[in-house]
Amino acid sequence: MAATPAQGPPPTSSPASPAAALGFVTGFDNTETFPFFDKLDSDQGLAGTRFYDEPDDHWCLLAEIHHVEHFPRDSLLARDCEGRPFVIAFYPDANRAGDINTSRLQPGHTIAILYANQHFFLDGTDGVFPVGLDALFRIGADCCNYGGPTGGEQKKCHGCGREGVGLVRCGRCAFFYYCNKVCQEVGWKRKGHRLACQVVADPAFKALLTLPRVRFTDRFRFPT
């Protein structure tokens, strides 16, 4: 996930729609699904009405890592989308202690924590994306604007904005579409796809885009 991006844009592939496979995608500005820290419920049994109290409620805290500590335990100083700083501490149980890949926890990356409360015991329901929080929001918005309508044939070129059929998709992330190589170069060099491509290619990121539409009662988990 922290690999260096390729020097040039990846090859294109067939125009099949990844949005159709995902069912529905949305950005990260929905504060019910992607709340800021102060909106989270406490897990300490404090008085008051819980915001997330239904079995089909699904939410995810997005936070940008600012500092990483490894002693006496792994912990992060992070900030949410409103700039509020807070600490995330890792307390894995003995059976899952090896599941936390601390090499992915780097300042400037964004961590996504499913079902977060205001007292964190992370158990593997987290993802880490190698971009800051502002960049993650921009990438999410671009996915909504250029990912193509669900199940439809008409797509939108990420390079020039033209809508039409017969566009080809990025062969790496399989999400953004282009008219031709020239438009792909524009997307890669001028519209941020050099950075976005490795993020969007991550199955965990694609899964996160569908979270606001999840309606089942089982716990949502990132792909492994």
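When we follow the working numbering, the leftmost residue of the sequence shown carries the number 6, and every step to the right adds one.
Each residue gets a CB set at the ideal place from its N, CA and C atoms; glycine is no exception.
Query raised in the report: Could you check where the alpha helix (DSSP H) with F210 kicks off and where it finishes?
Result: P208 to L214
**Report entry** Euclidean distance between Cα positions of A94 and F225
**Finding:** 21 Å
**Report entry** Reference Y182; option with closest CA among L213, Q203, N150 and K211
**Finding:** N150
**Report entry** H63 burial status per 10 Å Cβ neighbour count (16 or more: buried)
**Finding:** buried
Query raised in the report: Is the CB-CB distance between C65 and L216 below 8 Å?
Result: yes
Query raised in the report: What residue range is occupied by the uninterrupted beta strand (DSSP E) comprising F181?
Result: Counting along the chain, F181 falls outside any beta strand (DSSP E), and DSSP gives it neither H nor E.
Query raised in the report: Do you know whose CA, among L200, F41 and C148, lies nearest F134's CA?
Result: That would be L200, whose Cα lies nearest to the Cα of F134.
Query - Where D46 falls, given that 16 or more other Cβ within 10 Å makes a residue buried - result: It counts as buried.
Requested in this report: State the CB to CB distance for the pair L138 and L110, rounded to an integer number of angstroms; the pair is presumed to be in contact (CB under 8 Å).
Outcome: No, L138 and L110 are not in contact; Cβ-Cβ is about 15 Å, not under 8 Å.
Query raised in the report: To which residues does DSSP link H72 through a beta bridge?
Result: L82
Report task. Go ahead and label P164 buried or exposed: buried means 16 or more other beta carbons lie within 10 angstroms of its beta carbon, across all protein chains shown. Result -> The question names Pro, but residue 164 is Gly in the sequence shown. Looking at its Cβ environment, which holds 16 or more other Cβ atoms inside 10 Å, G164 is buried.
Query raised in the report: Relative to the alpha-carbon of F41, which residue among N122, S108, V73 and H72 has its alpha-carbon at the smallest distance?
Result: N122
Requested in this report: From the DSSP output, in three-state form, read off E190 for me.
Outcome: Three-state DSSP puts E190 in a helix.
Query - Boundaries of the alpha helix (DSSP H) in which F91 is found, first to last residue - result: First-last for F91: P90 to A94, but that is the beta strand (DSSP E), not the alpha helix (DSSP H).
Query - Exposure label - T115; buried when at least 16 CB within 10 Å - result: buried
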